[in-house]
Amino acid sequence: HGDVSAKFCSRRSADALRPLPPRLQSPDVFATDNRISIWSSGDLGNAGLNGEYHGEPRLLCDIQHNGDVMDMQTLSANHRWEKAHYHVDQDTSCGGAACTGVVCSNPEIVTVGEDGRINLFRADQKDAVRTIDNADSSTLHAVTFLRTTEILTVNSIGQLKIWDLRHQRNEPSQIFSLAGDRVPLHCVDRHPNQQHIVATGGQDGMLSIWDIRQGTMPVSLLNAHEAEMWEVHFHPSDPDHLFTCSEDGSLWHWDASTNVSEKPSFLHQGGRSTAYLSHSTINQSVVSAWLSNDPTKDRMEITNLIPNQTLSVNSLDVLGPCLVYGTDTEAIYVNRQLFA
Amino acid sequence: MGGAGPGAADEHRPVTVVPGAVPRRQLCFAWGPAEVLVCETLFGRTGEGAPSTSRVFVVRRDQDIYIQTLRKLFNESHGIFMGLQRSEEELAGKSRKAQLVQVSKNYRSVIRACMEDMHQAAISTRDPALQGQYSTQVSILSAMELIWNLCEILFVEAAAAGPLLLRLLDWVRLHVCDVDSMVREVLSSENPSKHKLFWNVVDIFVLQGRMDEARHLLSKEASANPTSMNMYKILDDLMKKMPVPSLGNTQTLTELELKWQHWHEECQRYLQDGTFASNPHMESICKILLGDEDAILEKKELMTTWYHFLVTRLLYSHPTVKPMELRFYAQSSMDLFLGGESSPEPLDMILMAAFEFEMHQVIKECSIVLSNWWFVAHLTDLLDHCKLLQSHNLYFGSNMREFLLLEYASGLFSHHSLWQLGVDYFDHCPQYGRVYLELHIERIPLSTEQKALKVLRICEQRQMHEQVRSICKIMAMKALRNNRLGSALSWSIRAKDAAFATLISDRFLKDYCERGCFSDLDLIDNLGPSMLLSDRLTFLGKYREFHRLYGEKRFPEAARLLLTLMTAHIAPCSFWMTLLTDALPLLEQKEVIFSAEQTYELMRCLEDLTAGNPDKQKFQDDDVETTKVEMLRLALARNLARVIVKEGTVEGS
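Given below as structure tokens:
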């Protein structure tokens, strides 16, 4: 199965991994645990005869960081905003709150935290451009951009909220929530091309697909992992593919591309176990495989990419044919032939 | 701090100086799970009024878990450990043994990888103290691998006579004395046979049974020295013909012994004929081939250790040695080699115990010498899987494997990240693992919510309900103190903690009473089914719904809801006054909202409220309260009047 190289980096890994933008020949990786490090997963130019690369990721540089790193984005600026998240009093040492999510769209940076606060920064400005205090009465777990002026947040009482940053009022413009129990949502990602499709992952390992143009409830609920889903990502250039990773130690590749029905029904490819799932949906919608609901035609292929799972997979990222993920066993794994 | 290991004698008791503590001050202490807390105290002392610093020292034995490069060892070995626990127990005989040998090899390769990293760290650091530390670690790791490898040969693989010698030869070649640099030096010189180390290299090859390489070098000597061509040819021939055990089943031990006897006699003949008399080097080699102890001992400096000497002796005097015979040869080898000049080191004692097949002794000695439990815990676990350890009952009842694993895992828990590995180790300690886990897991500092979630998941998977409740309560309290009511509610839902949910609702209601409006509407408006967790929470949700209905001007529905809140006893008694006051605007509406039935109900509620209050005096003294009650009574009466008229006159309604 794809060529995976691994490195034990002696760090609690990857609460965040991000590949650098594709003008670099190969995606580079950040791995962190109280240190923010840049690793190189190797030059594609050094590939062997069969295009296989056997090598460990190499450390390029790193800096010390106080506290666990929860999330990361790449930007070419160089700045620190301290004490951006806090409970009650900014200046007491125990008053600090964890910053749980960050997203940037050059030059703007948005952060959210356990204090329910949303901060908006610009890369060239020392102070926060805007702060929404008490935006949420519970912890905000993740944030992502919906459009250039709108962001999506998920919180620990199972709500997905849209915030319009052009408006000055400190209220979300829309609130979505799951039906049933208020299971906390931990991650969110938006479809790269179709901005109304949003995926979220919850504490019970459930993957929800939302159509934010209509309704306040998810379009699909897919029973996925057995424990918290930490991250969900649409593939940036091939958005029929979705990746999720979880506390239960698995990393799933969801393939909703429609030519799947031509393959035989059970595939075993060298250690990967594959299962088919036809997803039930609530809404009738067009275009995207994620929203359509024909159970006989559109079957989704789901693959667990980790053969021997032990501890949690905390973070993943994907770019091109390359998948990177980090686990609680203090190791980073790089899979460079994702679609082989 | 005393020695470690089960039943260790207390001869070694190193003294630890607490840095920063003023001498002659008295210290008091308290034991923790993995460390001792120490602080200065004035207990019992008078007169010395100088103020002492208010510091608490944490004294830890195990520093190794904080060495960056060792973390890789802990993580990778955890993976191997888990694989071993889950592996097929049904495999029997050869395939099981092969599996266990593979596990052992995996452990060893992890040690070697770690050694490599540590070595890199040692040569790249500029800090001499750190360099010293790393170098020490490298030699410790190297010793660990040496011991483990021997244990693998003798215990896990349990090599039989024949292959045993080959394995021991490999072991010696891999670990003892650094031949390679010498070899490179000699071979790369212009005239190898004239190099001053030439004969050293030939000798060491012979001592290690590396016949082909020895012959190759000797041929260079022969070509440089044609006069000794005859001698060389004979020696070369002897070396080529030497019978060695084979790994496959191509010959039986008896066949080998026979061949070997013949060969030995041939060597003897050549030596006694004086064939090599003119070349002392070659003569000494021939003597070595004959297993002459003195000849071999002459090369002490080359062999460097008594166990190399042991293996060489065995190679040339008893190649078909049986495992159980090793102990005699080992003891005599050590005595001969050390010759009374030096006493054996701890490493020597450990290896000796291994040669004597005293597994428990090996483990005990290693426990004493090594600074953390990693090595003994994993080795013992492997030996246990090989079914080699009888249950050696320790005085507190658990067996050795479990004891060591518990100690190792407990050590991991004091680390901010490695504690997750410890959980899995506890899972595989059937007797006390769970108890240890329960105690340790509650003491992990929960600095972020994500960490708390991981801990909770571990507890939930193991049905540790007490711990789940306790952790959720801690997190909920923290959230409450920071005014994060939504977070607090989320934790209560996770723990299904109705009492806490009630607490949170009371907080909301208190805020409402004080401020006159609700905070955190996004939470209250979207409670969903979690509303049913506690009565108070349900009330909160319904009460908010009442306000919403009122805001949307759906008065009849609002009125009905309000009444239900009181009559169905969903509302707490303390809140009834507020509810009745909320009813006032509804009563004052132009349109009649409450029916006669409902009005009677309201009146009854008001009377229950005022009558039931024992402290009537206080109640009546409070002007605001009395005014309210009077206004209510008036409004209710007026409403009753209107509704009776309305219901009496409207037809058919």
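For the protein sequence lines, the chains are A and B, in the order given. Under the UniProt record's numbering, the first residue of the first sequence is numbered 1, with each subsequent residue one higher. Under the UniProt record's numbering, the first residue of the second sequence is numbered 1, with each subsequent residue one higher. Glycine included, every Cβ here is placed at the ideal spot set by N, Cα and C. Predicted model only: the values in this text are computed from it and were never measured.
Asked, Found
"Best match in Leu636/B, Ala30/B, Arg55/B, Arg71/B for proximity to Leu418/B [C-alpha to C-alpha]", "Arg71/B"
"Beta carbon proximity, residue 654/B to chain A, threshold 9 Å", "With chain B covering only 1 through 653, there is no way to say anything about residue 654/B."
"Presumed contact (8 Å Cβ cut-off) between Cys322/A and Leu305/A, rounded CB distance", "Not really, about 13 Å apart at Cβ, beyond 8 Å."
"Three CB pairs or more closer than 8 Å across the stretch 135-142 of chain A and the stretch 171-189 of chain A", "yes"
"CB of Leu166/B within 9 Å of CB of Val244/B, strictly", "yes"
"is_contact[Ser109/B, chain A] using C-beta, thresh 9 Å", "no"
"Proximal chain C residues relative to Arg484/B, where beta-carbon distance stays under 8 Å", "Absent here is chain C; the protein component of the structure consists of chains A and B."
"Proximity below 9 Å, CB of Ala123/A to CB of Pro172/A", "no"
"Chain-ordered neighbours of Lys542/B on chain A, where CB pairs are closer than 8 Å", "The premise fails here: Lys542/B is roughly 17 Å from chain A at the closest Cβ pair, so nothing lies under 8 Å."
"Cα-Cα separation between Ile285/B and His385/B, rounded to whole angstroms", "44 Å"
"At least 3 beta-carbon pairs within less than 8 Å: the stretch 194-208 of chain A vs the stretch 225-235 of chain A", "yes"
"Run of the alpha helix (DSSP H) containing Cys513/B, from where it starts to where it stops", "498-515"
"Ala641/B to Phe555/B span [Cα, whole Å]", "19 Å"
"Start-end ranges of the beta strand (DSSP E) lying completely within the stretch 530-583 of chain B, minimum 3 residues", "none"
"Residue burial classification, Gln214/A (beta-carbon count within 10 angstroms, cutoff 16)", "exposed"
"Delimiting residues of the alpha helix (DSSP H) encompassing Gln174/A", "Element bounds for Gln174/A: not the alpha helix (DSSP H) but the beta strand (DSSP E), 174-177."
"Residue closest to Leu382/B, alpha-carbon to alpha-carbon, out of Thr41/B, Glu35/B, Ile80/B", "Ile80/B"
"Residue environment, Glu402/B, which counts as buried when at least 16 other CB atoms sit within 10 Å", "buried"
"Same chain only: Cβ atoms within 8 Å of Val321/B, ignoring 5 sequence neighbours per side", "Ala161, Leu164, Leu165, Leu314, Tyr329"
"Exposure label - Met531/B; buried when at least 16 CB within 10 Å", "buried"
"Continuous alpha helix (DSSP H) stretch holding Leu290/B: start and end", "Careful: Leu290/B lies outside any alpha helix (DSSP H) and carries neither H nor E."
"Cβ neighbour criterion (16 or more within 10 Å) applied to Ser219/B", "exposed"
"Beta-carbon gap between Trp263/B and Met282/B smaller than 9 Å", "no"
"Proximal residues of chain B, C-beta to C-beta of Asp328/A below 7 Å", "Gln420"
"Contact set between the stretch 74-98 of chain B and chain A, restricted to residues whose Cβ is under 9 Å from the partner", "Phe74, Asn75, Glu76, His78, Gly79, Met82, Gly83"
"Spatial distance of Leu146/A from Ala559/B (CA atoms)", "42 Å"
"Proximity of Ile157/A and Ser177/A at Cβ, strictly below 9 Å", "yes"
"Stretch-stretch touch, CB-based, cutoff 8 Å, three pairs: the stretch 339-349 of chain B with the stretch 183-190 of chain B", "no"
"Interface partners of Gly180/A on chain B, CB under 9 Å", "Gly528, Pro529"
"His78/B burial status per 10 Å Cβ neighbour count (16 or more: buried)", "buried"
"Contact test: Leu130/B Cβ vs the ligand FAD heavy atom, cutoff 8 Å", "The model depicted lacks the ligand FAD and carries no ligand whatsoever."
"Residue range of the unbroken alpha helix (DSSP H) whose run includes Gln131/B", "128-151"
"Contact with chain B by Gly320/A, beta-carbon distance below 9 Å", "no"
"Where Thr32/A sits in the DSSP three-state scheme", "Confidence at Thr32/A is low in this model, with a pLDDT of 44, below 50, so the placement of that residue should be treated as unreliable; the coordinate-derived value is given next. Three-state DSSP puts Thr32/A in a strand."
"Of the listed residues Val362/B, Ile368/B, Ser371/B, Val369/B, nearest to Leu379/B (C-alpha basis)", "Val362/B"
"Chain-ordered chain A contacts of Ser490/B [CB-CB under 8 Å]", "Ser138, Thr139, Ser156, Ile157, Arg182, Pro184"
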